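Under this note's numbering, residues 1 to 255 are what the sequence shown spells out, in order. Ideal placement from N, C-alpha and C gives every residue a C-beta, glycine not left out. None of the values given here were measured: they were computed from a predicted structure. Contents: one structure, followed by commentary.
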Amino acid sequence: MKHTLIALLSTIAVSLPSQAASLAGLWEFNNPANLGQATTGPDLVIAGTAPSHSVSLADDAALAQSGVITTVVGPANNLVASNIIGGNGGGTFTNQYSLLIDMVSPVASRGTWRTLFQTAPANNNDGDYFINPGGSMGVSALTYSSAVNDTQWSRLVLTFELGTAVKAYLNGSLLVDHSPSTVDSRFSLGSTFLLFGDEDSENNPLNISTVALWSGALSAGEVGALGLPGAPVPEPTGLMLSLAALGGAALRRRR
Ligand SMILES: [Ca+2]
Ligand SMILES: [Ca+2]
Ligand SMILES: [Ca+2]
1 MKHTLIALLS TIAVSLPSQA ASLAGLWEFN NPANLGQATT GPDLVIAGTA
51 PSHSVSLADD AALAQSGVIT TVVGPANNLV ASNIIGGNGG GTFTNQYSLL
101 IDMVSPVASR GTWRTLFQTA PANNNDGDYF INPGGSMGVS ALTYSSAVND
151 TQWSRLVLTF ELGTAVKAYL NGSLLVDHSP STVDSRFSLG STFLLFGDED
201 SENNPLNIST VALWSGALSA GEVGALGLPG APVPEPTGLM LSLAALGGAA
251 LRRRR
């Protein structure tokens with residue numbers, strides 16, 4: 001009976017449509033009293049000078065997003081994210097993940113370096129993904145995109161399947177197919193990483209409305225379904241979570 005149950009749960013876990021990538025964190029910046037408050041997953045921890053908060057903030061096209069932080073330049077200033085995904089993708093670190101960021105650049109930041117994230121928790125080396133002074137997205141080790149419109153709210157989704165593919169999507173469409181890098185490289189995540197952190201102040205301020213993290217590389221179709229900036233990020237349902245947890249427990253026991 002026990003084996004039948006385990007087999008059934010394993011089958012369910014394997015056949016879950018979203019099993020490749022589940023939501024591991026969602027931050028929407030709606031609470032000025034707790035800027036790092038998570039909608040899903042662990043809260044972000046503010047390091048250094050706290051970002052400022054806007055209930056609503058409009059871009060150059062007068063489109064507004066609600067619940068927005070404006071990050072602060074400098075090596076001491078970033079948001080510390082706990083990564084609950086663990087090792088995957090054939091390595092010790094998190095090698096398969098996706099990161100969503102709804103953002104627009106403040107006028108004063110355009111034409112400057114703007115770091116999106118830093119995988120080294122000690123912040124003792126270069127940031128790992130940027131908007132560069134020319135408005136292109138990436139980093140030399142991954143290659144850069146063509147220039148993007150940084151004056152309007154944009155939904156960036158980065159999908160990492162290290163060793164195979166690293167892609168950037170903007171507002172639901174593929175922006176650039178980057179170099180894939182390698183498993184357990186500088187682009188892998190450990191148990192913590194830094195949002196908007198850089199070791200030598202290449203983290204000029206950004207307006208950020210949403211950040212989300214998934215435990216796998218979303219497909220082009222899944223990214224397309226996430227839509228435009230401000231569209232709700234679907235949270236896992238209770239049923240899916242229970243099935244995934246049960247299936248995961250069964251799989252673990254079999255090892
Ligand atoms: Ca740097
Ligand atoms: Ca780094
Ligand atoms: Ca928001």
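For residue i, tell me which candidate among the options has the shortest Cα-Cα distance.
i	options	result
Gly134	Asn124, Ala147, Ala141, Leu142	Ala147
Asp60	Ser140, Trp153, Thr164	Trp153
Gly138	Pro180, Pro106, Glu222, Ala108	Pro180
Gly172	Ile101, Trp113, Asn132	Ile101
Phe29	Arg110, Gly230, Asp200, Val107	Gly230
Arg114	Val73, Gly91, Leu228	Val73
Glu235	Ala212, Leu218, Pro75, Ile84	Ala212
Ala33	Ser52, Thr210, Thr159	Ser52
Asn149	Gly91, Gly163, Asn132	Asn132
What I want to know is whether the C-beta of residue i ends up closer than 8 Å to one or more non-hydrogen atoms of ligand 1.
i	result
Gly127	yes
Thr112	no
Thr115	yes
Considering only residues of the same chain and omitting the five flanking positions on each side of residue i, which have a CB-CB separation below 7 Å?
i	result
Phe93	Gly87, Asp184, Ser188, Leu189, Gly190
Asp128	Phe117, Gln118, Thr119, Val139, Arg186, Phe187
Thr192	Val80, Ala81, Ser82, Asn83, Pro121
Considering only residues of the same chain and omitting the five flanking positions on each side of residue i, which have a CB-CB separation below 6 Å?
i	result
Ser136	Tyr144, Ser145, Ala147
Ser66	Ser56
Thr210	Glu28, Asp102
Got a sec: does ligand 3 put a non-hydrogen atom nearer than 8 Å to the Cβ of residue i?
i	result
Asp102	yes
Thr182	no
Checking the sheet assignment: what are the DSSP bridge partners for residue i?
i	result
Ile85	According to DSSP, which records beta bridges pairwise, Ile85 is partnered with nothing at all.
Asn30	According to DSSP, Asn30 bridges with nothing at all.
Trp214	Leu23, Ser98
Going by the C-beta, is residue i closer than 8 Å to any heavy atom of ligand 2?
i	result
Arg186	yes
Ala81	no
Thr192	no
Which same chain residues, not among the five before or five after residue i, have their C-beta less than 8 Å away from its C-beta?
i	result
Leu256	Outside the shown range of the chain, which is 1 to 255, sits residue 256, and nothing can be said about it.
Pro42	Gly25, Ala81, Ser82, Ile84
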